């Protein structure tokens, strides 16, 4: 039976690669490299550099594939994502069927970790449910942007006795900051939802291109640095054509301060 490895490759620094991930790359006959277009060519290029650096299996080969662009949410965010995932599932099915032998091993290289705000596992489950191609699945964890953010700011994610919540910019906009979370990590925020919060005394630790040579870190009182983050983010996105960022919010003071 075909075997698929879903490998977390870290948040952008090739040094994030674990021994388990490197071993996985070298077990695979085929390494699948997604291409999200010219504006995000850096993401595909990082995967290529990782393969160049760590793959020693002379029999492995790379197969690059185009990832369809997600439509703007209409009529709803969930239906838009569902349609997008269905389109990607069709591509995955073709790749698995056409590029892997019946006993072959393929690897998908996943930014960060496959279990945290990445949809590869859900999409592969769609492929499995179609029933047209069979495969075994193995997941290899990776360093997440959340961990890289904490490392960059030289801080612990949690304060003593406090909870941590990981959410999205969309939910932060709709629901505000949870009262019961000592620290809130926000991901997938393309519209700077933090600037819509009323409490400007919140402390924000923000980071973009985490773990890479282009890493940018800003922290401070939200009321003091919020506009600076927006400006810095806009400039970085214009320069590179894309941006990946995340941030942590918490109220000032706390059990350990």
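Residue numbers (the working numbering): 35 to 291. Cβ coordinates follow ideal geometry from the N, Cα and C atoms, glycine included. The model shown is predicted, which means the values in this text are computed figures rather than measured ones.
Proximal residues to residue i (C-beta, below 7 angstroms), its chain only, five neighbours per side dropped
i	result
residue 245	44, 45, 46, 47, 50, 182
residue 101	68, 69, 70, 122
residue 126	157, 158, 161
residue 87	48
residue 124	none
Inter-residue spacing [alpha-carbon to alpha-carbon] between residue i and residue j
i	j	result
residue 186	residue 248	12 angstroms
residue 64	residue 254	45 angstroms
residue 290	residue 216	Low local confidence applies: a pLDDT of 48 at residue 290 is under 50, so the model's placement there is unreliable, and no value is given.
residue 213	residue 78	39 angstroms
residue 117	residue 104	8 angstroms
residue 285	residue 150	24 angstroms
residue 258	residue 208	23 angstroms
residue 155	residue 137	21 angstroms
residue 111	residue 225	15 angstroms
residue 59	residue 81	11 angstroms
residue 38	residue 129	11 angstroms
residue 145	residue 89	17 angstroms
Test item: CB-CB of residue i and residue j under 7 angstroms
i	j	result
residue 260	residue 229	yes
residue 236	residue 283	yes
residue 220	residue 40	no
residue 256	residue 234	yes
residue 131	residue 167	yes
residue 36	residue 134	yes
For residue i, the nearest candidate out of the options (CA to CA)
i	options	result
residue 93	140, 80, 177	140
residue 143	137, 115, 112, 57	57
residue 238	184, 272, 273	184
Close Cβ partners of residue i (< 6 angstroms) along its chain, the five nearest in sequence each way excluded
i	result
residue 263	240, 252
Own chain, CB closer than 8 angstroms to residue i, minus 5 neighbours either side, in chain order
i	result
residue 270	242, 243, 248, 250, 277
residue 147	42, 175, 176, 177, 178
*asked:* Assess contact between the stretch 153-169 and the stretch 189-201, defined as three or more Cβ pairs (one per stretch) separated by less than 8 angstroms. Is contact present?
replied: no
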